[in-house]
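Chains L and V, in that order, are what the protein sequence lines are. Count the first sequence with the UniProt record's numbering and you get residues 1 to 313, in order. Count the second sequence with the UniProt record's numbering and you get residues 1 to 348, in order.
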Amino acid sequence: MGRYVVRRLLQAIPVLLGTTFLIFTLVYWLPGDPIQALAGDRAVDPVFRATMREMFHLDEPLVVQYGYYIQGILTGDFGTTFRGLPVSTIFEGKFQITLNLAMTALVIEAIVGIGLGLIAALRRGKAADTAILAFTLLLVSIPTLVSGFVLQLVLGLQLKTSTGIDFFPVAGTSEGWRSYLLPGIVLAGTSIAYLTRLTRTSLMETLRADYVRTAVAKGMPRRRVLGRHALRNSLIPLVTYLGADLGTLMSGAVITETIFNLNGIGRQLVDSVYLSENSVVVGIVTVLVLIFIAANLIVDLLYAVLDPRIRYE
Amino acid sequence: MKNPSVDTHLLPADSGTIGTEPLLAVDNLHVEFSTRQGVARAVNGVSYALNAGETLAVLGESGSGKSVTAQAIMGILDMPPARIPKGEIRFRGTDLLQLSEAQRSQIRGQQIAMIFQDALSALNPVFTVGWQIAEMFRVHKGMSKKAAYAKAVELMDRVRIPAAKQRVNDYPHQFSGGMRQRIMIAMSIALDPEVLIADEPTTALDVTVQAQIMELLAELQRESNMGLILITHDLGVVADVADKIAVMYGGRIVENAPVHDIYSNAAHPYTKGLLESIPRVDMKGQELYAIKGLPPNLLDMPTGCAFHPRCPFRQDNCVTDVPALHEISGTRSSACHYWREVLDGTAG
């Protein structure tokens, strides 16, 4: 097990190098001059421009620039923005906000998605099943942009004005974990739909398994047959999906963060692309890749917990 | 070991038989499945009886209804799509089909238990074998975890799994095929059931292991005087252990007989075909006999006798008239219009 983890972490190194190089190259090719971007519409002093280009190695070939960047990363230095701020200062607090948001969405997704999926599988072909399937179709059809504003309006504002219940803050992070509820629901929306359908299929398949029939033949109560014998076996594909989805949720939070005014990493990423702050863009992507790799490793280790046939040497 | 939560008036505490009532009696059972293509009639009026200490072999090819009948006895058919429009399954005189689901789950596993064909898929892959055996005691008898595991080890010893104590925490995939089937057996006999149904218990095993498993089943049956229903398509397995045989075809019983009678002289052309298709050393080099044609389509059963399209002795009335189960003697019957001729060897 320990050796397996070490091997997986070593395998992460080429993945990390590859992805950072790719994103570094893409940012390098972005049109526009980052130094000009600092000055807006006004002309830039040629001396200033020359100094900046020298300082940020902008005249060096791509590979050399990348080399400087990796050298910095290895010493824990994410570099400096063209405006003179250390990139790590810009990260401060923002990853935490996006991580909070993504985790909230993941919890909501897991509870609602698995719950609805279980109901649908157990009521296969009945009204509840059809209703849930129709609901998932609705979920994937509504863009985040729409669901975000509608929920903000209905649950955040109208609920408050009509009943006085002020439970869902509509913007910012001042209300602690409750601040993340509405954006969490919005962000989880599409994933809930997929997870519901995946749960439904997985459980229906498990319910047809021979060992479930054995459990019934042993005279086990229905609750135990479902909750113990079937559920654990059908959880395996769901864990895979949830693990991979954490990365998707973190990188896909841009619109949600904008609507709910959350100062997270998604918004920072978009801003930095506009401002050609290459070091920030590459830094954010690097950390996201790290989170992706960690989530996948945890998923693989969870397999072994759920399914004893899987063992890592 | 009767479970106290089963209504005792439903199940008279008698040993073996109540008057002339056998331990388990299937009476005119019909099972059908609704499918997209129509209604598949899997079981069409099957009757058989089983006494304590007796072994009944139910013989037939895939789709003959032998497994479906067993699953109806256990109450593990998926309903729907399955339906039981007619028939009775009496256990100690009580029709199981009239009981509530809660009452039936008290009988399942405790009084009537079942062993399945492929133990690898029939055992849950994510729980240890000890857990799966101990579960019987924990759920049905309310035993503590420790006591239940001790019982599990005891049972694994009883079905002769080597080093049971060390292996109780192993998972099914860590055992060989034969050992897995032993675990399946240990689980099924955990609560001393009165009826044990073994659905092709040796089909997935190799021949030497098959013999060991059959021997084990026979021994366990002698010790506890269980009634054993052995479902198989393997005539070789049957000869050693069965007392009587019911041959099924197209959802009906076509022949009932004590085991020795059937081997010496079959009273139904289908049974005859089955016996002739066993490979024999003295026929080496000659073509192996096979019953011509295919098993009947359950959605579209042949008219008259279901076997007539494949029968070498077919006469005109076989196509139109469904043969009744003719009584030949007290213990034998055959559902063939021409059973006399088949017995004499003068048919065809």
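Quick reminder that beta carbons are idealized off the backbone N, C-alpha and C, glycines included.
Counting only beta-carbon atoms, is G45 of chain V nearer than 7 Å to chain L? By 1-based counting over the second sequence, the position of residue 45 of chain V is 45. It does not: the Cβ of G45 of chain V has no partner Cβ on chain L nearer than 7 Å.
Identify, in the order they occur along the chain, each residue of the same chain with its Cβ nearer than 7 Å to the Cβ of L235 of chain L, setting aside the five sequence neighbours on each side. As a working mapping, residue 235 of chain L is identified with position 235 in the first sequence. Taken in chain order, the residues that qualify are L306.
May I have the straight-line CA-CA distance separating D103 of chain V from A25 of chain V, to the nearest angstrom? Mapped onto the second sequence, residue 103 of chain V falls at position 103. Mapped onto the second sequence, residue 25 of chain V falls at position 25. Reading off the sequence shown, one finds Gln at residue 103 of chain V, where the question assumed Asp. Whole-angstrom Cα-Cα distance: 18 Å.
With 16 other Cβ atoms within 10 Å as the buried cut-off, status of M55 of chain L: As a working mapping, residue 55 of chain L is identified with position 55 in the first sequence. With fewer than 16 other Cβ atoms within 10 Å, it is exposed.
D261 of chain V in three-state terms, based on DSSP: The residue labelled residue 261 of chain V in the question sits at position 261 within the second sequence. It is helical.
C-beta neighbour in chain L for S333 of chain V, strict 7 Å: Residue mapping note: residue 333 of chain V aligns to position 333 of the second sequence, counting from 1. Closer than 7 Å to the CB of S333 of chain V there is not a single CB belonging to chain L.
Contact set for T196 of chain L: own chain, Cβ-Cβ below 6 Å, skip 5 residues either direction: As a working note, residue 196 of chain L is residue 196 in the first sequence. The answer, listed in chain order, is G113, L116, G117 and T136.
Per-residue DSSP class, three states only, for A290 of chain V: If you number the second sequence from 1, residue 290 of chain V lands on position 290. A290 of chain V falls in the coil class under three-state DSSP.
Going by other Cβ atoms of all chains shown within 10 Å of its Cβ, with 16 needed for buried, is N169 of chain V buried or exposed? Walking along the second sequence from the start, residue 169 of chain V turns up at place 169. That one is exposed.
Tell me the rounded alpha-carbon separation between I13 of chain L and G79 of chain L. As a position in the first sequence, residue 13 of chain L is number 13, starting the count at 1. As a position in the first sequence, residue 79 of chain L is number 79, starting the count at 1. Near 20 Å, if we compare the C-alpha coordinates of G79 of chain L and I13 of chain L.
I'd like the list of long-range same chain contacts for F21 of chain L, defined as Cβ closer than 7 Å, with 5 residues on each side in sequence excluded. Working through the first sequence from its first residue, we reach residue 21 of chain L at position 21. Excluding sequence neighbours, F21 of chain L sits near Y66.
Using only the alpha-carbon positions, how far apart do R138 of chain V and G109 of chain V sit? Translated into the one-based positions of the second sequence, residue 138 of chain V becomes position 138. Translated into the one-based positions of the second sequence, residue 109 of chain V becomes position 109. Looking at the two C-alpha atoms, the distance is approximately 13 Å.
Relative to the C-alpha of A119 of chain V, which residue among V:Q181, V:H30 and V:M156 is closest? Along the second sequence, one-based indexing puts residue 119 of chain V at 119. If we check each option's Cα against that of A119 of chain V, V:Q181 comes out closest.
For chain V, find out if any of its Cβ atoms is closer than 7 Å to the Cβ of R124 of chain L; answer yes or no. The sequence position of residue 124 of chain L within the first sequence is 124, counting from 1. No, R124 of chain L lies away from the interface with chain V (no Cβ there is under 7 Å from its Cβ).
Does T303 of chain V pass the burial test, meaning 16 or more other C-beta atoms within 10 Å, or should it be called exposed? In the second sequence, the residue the question calls residue 303 of chain V occupies position 303. Burial call: exposed.
Below 8 Å, can you find three or more Cβ-Cβ pairs linking the segment 235-244 of chain L to the segment 80-89 of chain L? no
Taking Cβ positions only, does D206 of chain V come closer than 7 Å to chain L? Position 206 of the second sequence holds residue 206 of chain V. No - not a single Cβ of chain L is within 7 Å of the one on D206 of chain V.
Within 7 Å, strictly: CB atoms of I22 of chain V and L59 of chain V: Against the second sequence, residue 22 of chain V aligns to sequence position 22. Against the second sequence, residue 59 of chain V aligns to sequence position 59. Per the sequence shown, the amino acid found at residue 22 of chain V is Pro instead of Ile. In this structure, L59 of chain V does not lie closer than 7 Å to P22 of chain V by Cβ.
Can you confirm whether H57 of chain L, when its beta carbon is compared against all beta carbons of chain A, has any partner nearer than 7 Å? Protein chains L and V are contained in the structure displayed, whereas chain A is not.
Environment of Y180 of chain L [buried if 16+ CB atoms lie within 10 Å]: Counting from 1 along the first sequence, the entry for residue 180 of chain L is found at position 180. Flag for Y180 of chain L reads buried.
Compare the C-beta of Y263 of chain V against all C-beta atoms of chain L and say whether one is closer than 7 Å. Position 263 of the second sequence, counting from 1, holds the residue named residue 263 of chain V. By this cut-off, Y263 of chain V is not an interface position.
Is DSSP giving P80 of chain V helix, strand or coil here? Indexing the second sequence from 1 puts residue 80 of chain V at position 80. In the structure shown, P80 of chain V falls within a coil segment according to DSSP collapsed to helix, strand and coil.
Check whether chain V comes within 7 Å of P237 of chain L, counting only Cβ atoms and requiring the distance to be less than that. As a first step, residue 237 of chain L must be located in the first sequence, where it is residue number 237. By this cut-off, P237 of chain L is not an interface position.
Determine, using beta carbons only, whether K244 of chain V and L29 of chain V come nearer to each other than 7 Å. Along the second sequence, one-based indexing puts residue 244 of chain V at 244. Along the second sequence, one-based indexing puts residue 29 of chain V at 29. With contacts defined by Cβ atoms closer than 7 Å, K244 of chain V and L29 of chain V do not form a contacting pair.
DSSP state of D14 of chain V mapped onto helix, strand, coil: In the second sequence, residue 14 of chain V corresponds to position 14, counting from 1. Residue placement at D14 of chain V is flagged as unreliable, the pLDDT there being 44, under the threshold of 50; the coordinate-derived value follows with that caveat. In the displayed model, D14 of chain V falls within coil according to three-state DSSP, outside both helix and strand.
With a threshold of 8 Å, are at least 3 pairs of Cβ atoms found where one atom belongs to the segment 282-293 of chain V and the other to the segment 214-232 of chain V? Fewer than three pairs of CB atoms, one per stretch, sit closer than 8 Å, so the segment 282-293 of chain V makes no contact with the segment 214-232 of chain V.
In chain order, what residues of the same chain lie with their CB nearer than 6 Å to the CB of E327 of chain V, ignoring the 5 residues before and after it? The count along the second sequence starts at 1 and reaches residue 327 of chain V at position 327. The residues are S333.
Using a 10 Å radius around the Cβ and a threshold of 16 neighbouring Cβ atoms, would you call I165 of chain L buried or exposed? The residue labelled residue 165 of chain L in the question sits at position 165 within the first sequence. Here I165 of chain L is exposed. Its C-beta has fewer than 16 other C-beta atoms within 10 Å.
Is the distance from the Cβ of Q37 of chain V to the Cβ of L299 of chain V below 7 Å? As a first step, residue 37 of chain V must be located in the second sequence, where it is residue number 37. As a first step, residue 299 of chain V must be located in the second sequence, where it is residue number 299. Yes. Within cutoff.
Counting only C-beta atoms, is A122 of chain V closer than 7 Å to chain L at any point? Reading the second sequence from its first residue, position 122 is the one you call residue 122 of chain V. A122 of chain V counts as touching chain L.
So the candidates are L:D59, L:A43 and L:R42; which of them puts its Cα closest to the Cα of A50 of chain L? The residue you call residue 50 of chain L lines up with position 50 of the first sequence. Per the Cα distances, L:D59.
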